[in-house]
Amino acid sequence: MAFNGSGTFNRIYNWVNDKNNNIDITASRMDGEDNGFATGLSTCITKDGQQTTTALIPFAVGLSVNQGSASTPAISVAGDATTGFYQPTGGQIFFASLSNVIGGFMASGIQLNGSLSGSCVIGVPAAAGTGTIFTLPATNGTNGQLLQTNGSGVTSWVNVASGSGTVNSGTSGQLAYYASSTNAVSSNAQISISSGALTLGTATSTLGSLILSGSTSGTTTLNPNVAASGTLTLPAATDTLIGKATTDTLTNKTYDTAGTGNTFKINGQGISAVSGNTTKVATVTGSLTSGHLASFDGSGNIQDSGSAIPLMTPLGVGSIIWAALVTSVTVTAGSTTSAANLTCLVSSGISSPVFVATADSLTGTWKALQTVVGNGVISNAQAGLWQRIS
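Note that numbering that gives the first Met the number 0 gives residue 359 to position 360 of the sequence shown, counting from 1, and the numbers run on in steps of one.
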């Protein structure tokens, strides 16, 4: 017996034991041992494939073969070496028929190849749990039918629901809409799209408007300027637009009234322009008392100067003095003269006033508030009122 039921090769005789037991080598014993060898060799599978197994062989775990290719599969059918399984790359097993790749198994699913270059992959859910099972219909269906599921994975062929309607010819860029409660779709010259820009209305005939409906019954309508074109750029961050009748706070904004029609008002009083040689606007510092004089502090703010502060700087522009001419020229009321032609007069405090020149030096141009006759003598007779104009 060459192999026992466990596939172990068994020797019939032991030549060393025969020698020790003085047993002669006979033809029958020799033939019996050799016949066992012959049976064992004849029963084995040869590596060159000369023999065909006569029963199923229980291979051990870990049976491996070469990767093979589509033209020479690693596992093929006897008599058809171009049909069988092969591994194109790690983690995949594909099947080839007559050197043509039919499909295979991989991590992403089952791949099915078309007769040319097309292919599709049928995947399964990535999450654990019961997978989806589709039961296909028993027939091929008829022309035009669709495959429908009942929600439980059972599919069937159904006819496409019939419909009717008319799609009229349109103009490039215009959007289609239903002009009435019919089944006709037409283009609309008042709605068009081009390069991502949606245009409502036409520039020559119809005003475009955008109506936004609120969550209840309110609506907001956006209308453009009728004649002028412009661009409204929305802020980059979330914000609320200024309302006409709402109370809003402006931050980092400049209001320029230079444009036509712009008006800036404070408590209903329109401010049309800023006069003077400065663009600063004075504000009040402290409290003001009725009847007191006002002056400016060093920061340009208006302050209360009390009741005894003079309105102007002494001898400054706008000052009015009593002065005499030092020349013999007569100056009529409204005419001007230089400060060099004038001298101030003061009373000595005696009963008969004697006027003498003050220590104040006069500068600028002065205008006569009355006609003053000069005779070259400094006296009250040739004095009058003067106002400095520069």
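Note that the Cβ used here is the ideal one computed from N, Cα and C, for glycine as well.
According to the DSSP assignment, Arg28 belongs to the alpha helix (DSSP H) that extends over 26-42. Around the beta carbon of Gly373, 16 or more other beta carbons sit within 10 angstroms, so the residue counts as buried. Closest option to Gly315, judged by alpha-carbon separation, among Ala380, Ser204, Cys43, Ser389: Ser389. Judged by DSSP in its simplified three-state form, Val15 adopts helix. Between the alpha carbons of Ser118 and Pro136 lies a gap of roughly 23 Å. Within the model, the alpha-carbon separation for Ala125 versus Gly103 is close to 19 Å. Straight-line measurement puts the Cα of Ser191 at about 59 Å from the Cα of Asn300. Contact between Thr284 and Gln302 is confirmed by a C-beta separation of about 5 Å, below the 8 Å threshold. DSSP, reduced to helix, strand and coil, places Asn187 within a strand of the structure shown. Residue pairing for Asp79: DSSP places it in a beta bridge opposite Val76. Contact check for Ser208 against Asn187 fails: the beta carbons are separated by 7 Å or more. Nearest to Ile210 by C-alpha distance, out of Thr45, Thr219, Tyr177, is Thr219. By the 16-neighbour rule on beta-carbons within 10 angstroms, Phe133 is exposed. In this structure, Leu361 sits away from Leu384, with a CB-CB distance that is not shorter than 7 Å.
When secondary structure is reduced to three states using DSSP, Ala338 falls in the helix class. Look at Ala272 here: in three-state DSSP terms it is coil, with no helix or strand label. Sequence-distant Cβ neighbours of Thr201 in its own chain, meaning closer than 7 Å and more than five residues away, are Ala188, Gln189. With 16 or more other Cβ atoms inside 10 Å of its own Cβ, Pro72 counts as buried. Every beta strand (DSSP E) stretch that sits fully inside the region 186-231 and reaches 3 residues is listed by chain position as 196-199, 209-212, 218-221. Nearest Cα to Met105 within the set Trp156, Ser155, Pro87: Pro87. In the same chain as Phe94, and ignoring 5 residues on each side of it, the C-beta atoms closer than 7 Å to its own belong to Phe84, Ile101, Gly102, Gly103, in chain order. By the Cβ-count criterion, Thr336 is buried, with 16 or more other Cβ atoms from all chains shown falling within 10 Å of its own Cβ.
Cβ contact annotation for Ala183 (same chain, cutoff 6 Å, sequence separation greater than five): Thr165, in chain order.
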